[in-house]
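Input: a single structure, listed below in structure tokens.
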Amino acid sequence: MAVTEKDRKANSALGSLQALTAAALILPGLAPAQAAEDNEFSFQYGRYEESRRDLGGVKSQFDPITVDSLHTSARVRLTDRIKFAFNYIQDTWSGATPISTAPSTREGNQPYDVGTVAGASPWLYSGNGNGKVYFDDQRRPVRTIRRDNGLGFGFDELIAAGLDNRNVHTMSIASPEVRKEGNFNLTYEWDDATVSAGGGLSLENDYESRFANLGFTIDFNQKTTTLSGGLSYANSSTSARLDHDAQTYISKNAYNGQLPEFQPRYAKVISNPIPGTDDSEEILRGKREDWAVNMGLTQVVTKSSLAKFGASYTRSTGYMGNPYKAVTAFFLRPVTAGLMSRDCDTQGTVAGPGLGAADCGEGIAYEGQAKAFLEQRPEVRNQWSFNTGWVQYIDPLDAALHFDYRFYHDDWGINAHTFEADWVQPLGSGWSMTPRVRYYSQSEADFYVPFLVADVSNENGADRLGSDNSKLPTQTFSSDHRLSGYGALSGGVTVSKQFTKGVRFDAGFEYYTHQGSLKIGGGGEPDYADFDYWVANGSVSVEFSAIGRSLTDHDHHHHHDMTEHEPLMPAGLMCVGGHMLNQEGDFMVGYVYQYLRETGNMLNRTSKASDAAMVNNGYRTIPTFHDMHMHMIDLMYAPTDWFNIMVMPMFMDMDMDLRVLDGINGDVTTDHLHGGHQTGGIGDTLMFGMFKLFKHRGHHINLGLGISAPTGDVGIKLNRQHQEDAGFIHYQMQLGSGTWDFLPSLTYLGQYDRFSWGAQANATVRMQNRNDSGYRLGNMFQASAWGGYSIFNWLSGSVRGVYTVEGSIQGEFNPVPGAAGCTDPITNGAILCSNVNPTSSTLDDPRNYGGRFWDVGFGLNVVVPGGEFSGNHLSVEWLQPVHEDVNGFQLERKGTLFATWSYMF
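With the first letter of the sequence shown counted as 1, position 128 gets the number 377 in the working numbering; the numbers rise by one all the way through.
Structure below.
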């Protein structure tokens, strides 16, 4: 992408430098909106994954945090002066994260053994010795050992065995959570200036943020100097259900009104009844506002170098805590040392010495009773940042070096430094490689503490457990490791391929290490908080302007006219094969979106099912709604004029909720009534070989032979709640089939004048008896017939009839052993359950899937016939259910929306 000819560089050095700068800025995941090309569509997938934490020898069954990210963007020049940009971002989070921190003797991660499954569960209330940790006379935690004092009769003593210098995170896990964000930006350009305005919305189950921004740029000195600035505002609200395993044992007195003198101004905890149960749920509601202003200056220094300077200020007010983070506090009681004191190691009682008590020996001065408190951060934050950078074009290597530095400071006490360096190296033939390195260091926040130690009190254990915030040494505290002092070092590389026709593919990988020892000047958090993580992403971008110029230059303008290809198919058939490219060497890139909504009545075969009927069949809960969103990239290539190859990776997310059936007294834990369930991530990957069997005078017959690769996760499980294990989440909430599937299709397409018509038969045949989770989805057959009419040369409509038959699920989830309230029938004691998979919902019964369905589809197809966007194809179709004959008990369908975009070249 760099300029190599001497005369051209001499005449347009600035242009070549800006091209190199843009090449570095458009790395996946690093691109600001203004760096993208005009008239561009891009689709990016990213994956973030953390390493496992060191839990002091306890093996956790919880997987670390992972994030699957999807980013779709479109940028369009509406007129010579006006540009519009839109972004859609979706992140799916899941995995274990630290909830609190305590000395290792606290044993916050209780080991347990369930059959072949070993793991750890968070214990914030009890733990070793009912939550007790012993301290020396300087209030430092100590490790203890119990030994015989030589008097016999079980008279032991507890002595210190050295300082407990190692803290351990207490881990907790969250079900998959999905964040969705949409934002836009509108820019107006003059010759030497621009103004822009934008806004957006970010949504999660427990958090919502609305934001808006204004910006400008002004060019001086023949466009060698650029001044930029901006103003932004965000208004956010938190609505977090405090219902996961650890929240039962966290004190929220400062938030629920019991301590008015300590009540935060912008957050409170309220209690809501859960319909159909005798239980209630606690919800933390908070408000937050952010104002930010920034200024920047970019200066071309020489014909091959550029300098950047910037500054920003942000003021945040409101609730800025994490509702799922807690701080462990220890309330100290002086112990009586010496022979026959019997004041240590009370073996599970909290009222005082009892059976199993021991003498307090050497090195022990205090007994600390543990209690966890919901973290409390300051409600005001002022943040300043200053940045500078240098871009140097290196002529002999036809490359560019980018170096950036950023200093950050806030009134929470954090000072941070960021150093980044990128090397953009074109390799020829449209290839480029960009290695990069980044170093980050920050000091800890003023209120960061791994744990709190309260003042000494002679209260017994029960009274100390009832202690509230008034006895804490501070009223702002957090043990979130992101507020600690640490350093992070990362390195990565991005490889890009720019096609002459305006299509670019990017793939990047970066590896990070987060360590307290990497902090500038030392003094970072000890190694218990260290972890590593990696980020990988890939993207495809299409620049329409470049495609148009390239096709015109090569006299291939006919590729723009999609009406010369096969008759257009309804949008709902774009993800099952059937359409083909006509000429050898043709390529198509496309995007498919599908939305499915189920809500309303429960059906049994063709009739409405009553709650009583479902209760009589042994069910306790039913779904109130189920939403499915699917995003798919469609990549198609024609090696010959009679054979096409198509690959379609997909990304999915689903959301649902349950209600208790009338006549049932629901149980929050047994019935998994935790405010709904979400899942999301990579789905199965479809691969097709398409064969043109017949083509003559407007008639086409195509054969599709496809395979579905089981790349979607079918092992997603429910959270462990209230110290009880849970099994697999419902079948329809898994992300794929888990089996290799055969996808045959036969398609007929016809066209005459303005009329078009077609028919297709397609099937999904499961090629394995069971997936790794123990079941197999039913086979599916679908038949479609449609007719279309071209209203204009760029717009056509279609009506489609669809019949689908799908079998029920075969097999069932593999048994998951665990602790879930099972008792021995003889001793009445607690024992492990052989299978904790949920069975109370209609969704948990394999018989309640599949059926026979009739639908009618109404669609529109748009083909841009000329101009810069010539050849782009947009289509939409709504599939309306007409008749349903379901297997077992199922929620009725409300409809399915398909929307597609594609471009052939």
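We put the CB at the ideal spot given by N, CA and C, even for glycine.
Assign residue i to buried or exposed, taking buried as 16 or more other Cβ atoms, counted over all protein chains shown, within 10 Å of its Cβ.
i, result
"N1110", "buried"
"H1132", "exposed"
"L327", "exposed"
"H828", "buried"
"D1093", "buried"
"I331", "exposed"
"D413", "buried"
"G772", "exposed"
"D441", "exposed"
Output the distance between the C-alpha atoms of residue i and residue j, rounded to the nearest integer angstrom.
i, j, result
"N462", "Y498", "41 Å"
"A271", "P645", "Residue placement at A271 is poorly supported in this model, since its pLDDT is 36, which falls under 50; the coordinates still yield a value, given next. Taking the straight line joining both Cα atoms gives about 20 Å."
"L942", "N1028", "26 Å"
"W1043", "L995", "27 Å"
"F1154", "G947", "21 Å"
"M879", "T563", "36 Å"
"E1141", "D920", "22 Å"
"I950", "N831", "13 Å"
"M936", "A887", "14 Å"
"R753", "E792", "8 Å"
"F580", "P513", "23 Å"
"P699", "A351", "7 Å"
"G1137", "D990", "25 Å"
"Y844", "F1147", "7 Å"
"L480", "G1116", "36 Å"
"F696", "E624", "10 Å"
"R626", "A737", "24 Å"
"A614", "L407", "11 Å"
"D317", "E298", "9 Å"
"G449", "K429", "11 Å"
"G1036", "W1006", "4 Å"
"M881", "G679", "26 Å"
Measuring alpha carbon to alpha carbon, tell me which residue in the options is nearest residue i.
i, options, result
"T723", "D317, L1128, T577 and E669", "T577"
"A1034", "N1018, L998 and S1022", "L998"
"M544", "D906, G741 and T466", "T466"
"W197", "L650, A785 and V629", "This structure cannot settle anything about residue 197, because the visible part of the chain is limited to 250 through 1154."
"S421", "Y573, V1085 and N1086", "Y573"
"C1071", "L304, I1080 and K768", "I1080"
"S300", "Y1001, A334, K750 and Y760", "Y760"
"S1160", "T762, A820 and S745", "In the structure as shown, the chain starts at 250 and stops at 1154, and residue 1160 therefore has no counterpart that could be examined."
Please state the DSSP three-state secondary structure of residue i.
i, result
"T1091", "helix"
"H730", "helix"
"E510", "helix"
"G987", "coil"
"S719", "helix"
"Y688", "strand"
"Y504", "coil"
"S353", "helix"
"P371", "At P371, the pLDDT of 48 sits below 50, so the modelled position is not reliable; the number obtained from the coordinates is stated separately. Strand."
"E975", "Checking the sequence, you will find Ala at residue 975 rather than Glu. Note: A975 maps to coil in three-state DSSP."
"Q471", "coil"
"Q832", "coil"
"A614", "coil"
"N1097", "helix"
"I422", "strand"
For the alpha helix (DSSP H) that contains residue i, what are its first and last residues?
i, result
"V864", "D860 to N865"
Could you give the residue range of the beta strand (DSSP E) that holds residue i?
i, result
"W1043", "Counting along the chain, W1043 falls outside any beta strand (DSSP E), and DSSP gives it neither H nor E."
"D671", "N664 to G677"
"T577", "A575 to P583"
"D876", "T870 to Y886"
"R326", "T315 to R326"
"A926", "Here residue 926 turns out to be His, not Ala, going by the sequence shown. First-last of the beta strand (DSSP E) with H926: H926 to I931."
"M901", "M899 to V909"
"S788", "F780 to E792"
"F1147", "F1138 to M1153"
"M818", "That residue, M818, is in no beta strand (DSSP E); it is neither H nor E in DSSP."
"V702", "L701 to V705"
For the ligand ADP, is there any heavy atom lying closer than 7 Å to the beta carbon of residue i?
i, result
"P572", "Ligands are entirely absent from the displayed structure, and the ligand ADP is therefore not among its contents."
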